[in-house]
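Trainee: Numbering (our numbering), first residue to last: 7 to 573.
What follows is a structure written as structure tokens; I'll ask about it next.
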């Protein structure tokens, strides 16, 4: 059973820009009413999240109260509507896609030269309505060969396309128009992203039996992807959420493709793929199904993350010349407790982006609450023989528990501070792995070396946390969580991770060859090199989301910990 994800699935440049602007505005102007003129994009899940952040949708300029902030959506609006808004006492933020703006200017420019605009698109689509306004609403809109036959005569015509139009249809209709009129100017204004997305579906038809198209039922470009899938002879399923997948239908196929419209967030695509994996796993051999199910359960319960943290503690203990068993167990129980309890106290922030996890935790709330308390008690019990270790663990537990609680002095929660998750989590992992094991012996000897180990392990944990933040960047942004990748931007964040990974590889090799690190740490540099390739696969979307790709992030620490026992 194989699942193929289209590389261009999800937000296009214009939609991403518009969504980024809306969420940025909502964060920066929490005390101001924020409106979008029409739905910002055709995706009900995103619109629901916006409503929760106080961003409301209006249909006409007259509905905007004075002093409000109004955001023009990616599709653009008619010129008259924009003029009405500018006459009101409101702040206008124009999130119109730059490619749509280019088409608007083309129409305006050629109308002034006496050309009759012909738009290949959907007459009632918001983008087309906006385009028509730049021709004083005298543009002709067509969508089929029959429409061309009904067009009046004209001397000079301009042919453009709705940016999300089917490119092959546009080219075919443009050729017919050339035969009908004496002077024709044709501009292929179909967005590159739209073209590539459509071609991916056609290419996918050569290697899959069915395709799942994810996106709003009202989204024109998503509907066209489903149409192309059907035309290519594929069993095509247009869904808005993973709940619409029919297991009986899906299990008929051995290969399935997944694509998504330009207004579909990546977290929704991830949800669909995880659901597809679940459905298809019913038909895989038992020897593979059991480890798959266990790994998924470990990821869901944060057991896998705790194992990753314990692995770092083993690495830290070995580098510090200490017995790793107790330090590894304490790190495991502490980190599992913190991750589980913090998930339980922040379910609302992931209710839309990861509803399966929320349902799982709500169903087993008592079990996980008890488990968290037991893990805390175990970590304290194991630390008790050493007073400094015991009181340090109390401090670490307290710090972890107040992460999701509002602090009166700050007037906010620690988790709401910009980049707090991306910074605090690696520091906690680095401390419990690199410094804390030193407190489990007497006498305690502190030197520069443990600090160096702490920095090394914190850097590893930072890469790990930042990697997860990049996978969740759209979901985090939509619930108002400012992680470092949101602040830096996706491109800069990947650059930072590449630099840090390369630096750690060089650092490890140098210390191993100069005798400061044991020789077995050369293996660490090999693992880190593969992780660098993994990052590249994620950035270029060569690697689709799923249980195994997610498990690899913490899995690298487990491999490194195993390698440390060969020294």
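All C-beta atoms, glycine included, are put in the ideal place defined by N, C-alpha and C.
Given the structure is predicted, the values throughout are model-derived calculations rather than measurements.
Run through DSSP, which three-state label would residue 123 get?
Mentor: strand
Trainee: Buried or exposed, going by whether 16 or more other CB atoms sit within 10 Å of the CB of residue 535?
Mentor: exposed
Trainee: To which residues of the same chain is residue 341 closer than 6 Å at the C-beta, ignoring the five residues directly before and after it?
Mentor: 312, 315
Trainee: Pair every Cβ in the region 294-308 with every Cβ in the region 501-511, then say whether three or more of these pairs are closer than 8 Å.
Mentor: no
Trainee: Work out the CA separation of residue 105 and residue 140 for me, nearest whole Å.
Mentor: 15 Å
Trainee: Between the C-alpha atoms of residue 510 and residue 127, what's the straight-line distance to the nearest angstrom?
Mentor: If you take the alpha carbons of residue 510 and residue 127, they lie about 52 Å apart.
Trainee: In whole angstroms, what is the alpha-carbon distance linking residue 42 and residue 347?
Mentor: 37 Å
Trainee: Could you check which residue in 394, 100, 46, 136 has the C-alpha nearest to that of residue 224?
Mentor: 46
Trainee: Taking only runs that begin and end inside the region 115-180, name each unbroken alpha helix (DSSP H) of 4 or more residues, in chain order.
Mentor: 132-139, 151-155
Trainee: Could you give the distance in angstroms between the alpha-carbon of residue 517 and the alpha-carbon of residue 531?
Mentor: 11 Å
Trainee: Beta carbon of residue 443, beta carbon of residue 319: below 8 Å?
Mentor: Against a cut-off of 8 Å, the Cβ pair of residue 319 and residue 443 comes out as a contact.
Trainee: Check this for me: beta carbons of residue 439 and residue 321, under 8 Å apart or not?
Mentor: yes
Trainee: Run through DSSP, which three-state label would residue 411 get?
Mentor: coil
Trainee: Taking C-alpha atoms, which residue in 183, 129, 19 lies nearest to residue 155?
Mentor: 183
Trainee: Decide if residue 212 is buried, meaning its Cβ has at least 16 other Cβ atoms within 10 Å, or exposed.
Mentor: Under this definition residue 212 is an exposed residue.
Trainee: Per DSSP, which residues does residue 263 bridge with? Please list them.
Mentor: 10, 217.
Trainee: Does the distance from the C-beta atom of residue 279 to that of residue 551 stay below 8 Å?
Mentor: yes
Trainee: Across which residues does DSSP place residue 62 in a beta bridge pair?
Mentor: 41
Trainee: Return the Cβ separation of residue 195 and residue 166 in integer angstroms, given the expectation that the two are a contact with Cβ distance under 8 Å.
Mentor: 5 Å
Trainee: To which residues of the same chain is residue 256 closer than 6 Å at the C-beta, ignoring the five residues directly before and after it?
Mentor: Sequence-distant Cβ neighbours of residue 256 in its own chain, meaning closer than 6 Å and more than five residues away, are 285.
Trainee: Return the CA-CA distance between residue 343 and residue 480, expressed in angstroms with no decimal places.
Mentor: 27 Å
Trainee: Would you give the residue range spanned by the beta strand (DSSP E) that residue 191 belongs to?
Mentor: 189-192
Trainee: Counting along the chain, where does the beta strand (DSSP E) carrying residue 242 start and finish?
Mentor: 241-245
Trainee: Which two residues bound the contiguous alpha helix (DSSP H) that contains residue 372?
Mentor: 371-389
Trainee: Would you kindly work out how many angstroms separate the C-alpha atoms of residue 493 and residue 471, rounded to a whole number?
Mentor: Whole-angstrom Cα-Cα distance: 15 Å.
Trainee: Quick check on DSSP: helix, strand or coil for residue 450?
Mentor: coil
Trainee: Rounded to whole angstroms, how far is the Cβ of residue 147 from the Cβ of residue 109, which I believe are closer than 8 Å?
Mentor: The beta-carbon distance between residue 147 and residue 109, rounded to whole angstroms, is 13 Å. This is too long to meet the 8 Å contact definition.
Trainee: Are residue 496 and residue 477 closer than 8 Å when you measure CB to CB?
Mentor: Cβ distance not < 8 Å, so residue 496 and residue 477 don't count as in contact.
Trainee: Which of the three DSSP states, helix, strand or coil, is assigned to residue 98?
Mentor: strand
Trainee: Could you tell me which residues DSSP puts in a beta bridge with residue 302?
Mentor: The beta-bridge partner set that DSSP reports for residue 302 is empty.
Trainee: Just checking my contact of residue 398 with residue 445 at CB under 8 Å: how many whole Å lie between their CB atoms?
Mentor: Correct: roughly 6 Å between the Cβ atoms.
Trainee: To the nearest angstrom, how far is the alpha carbon of residue 461 from that of residue 455?
Mentor: 10 Å
Trainee: Let me check understanding here. Comparing Cα to Cα, which of 421, 403, 359, 400 lies closest to residue 410?
Mentor: Of all alpha-carbon atoms in 421, 403, 359, 400, the one lying nearest the alpha-carbon of residue 410 is that of 421.
Trainee: Candidates 159, 219, 203, 179: which alpha carbon is nearest residue 187's?
Mentor: Taking only the C-alpha atoms, the option nearest residue 187 is 159.
Trainee: For residue 76, report the span of its beta strand (DSSP E) as first-last.
Mentor: 75-78
Trainee: Which term fits residue 38, buried or exposed, when burial requires 16 or more other beta carbons within 10 angstroms of its beta carbon?
Mentor: exposed
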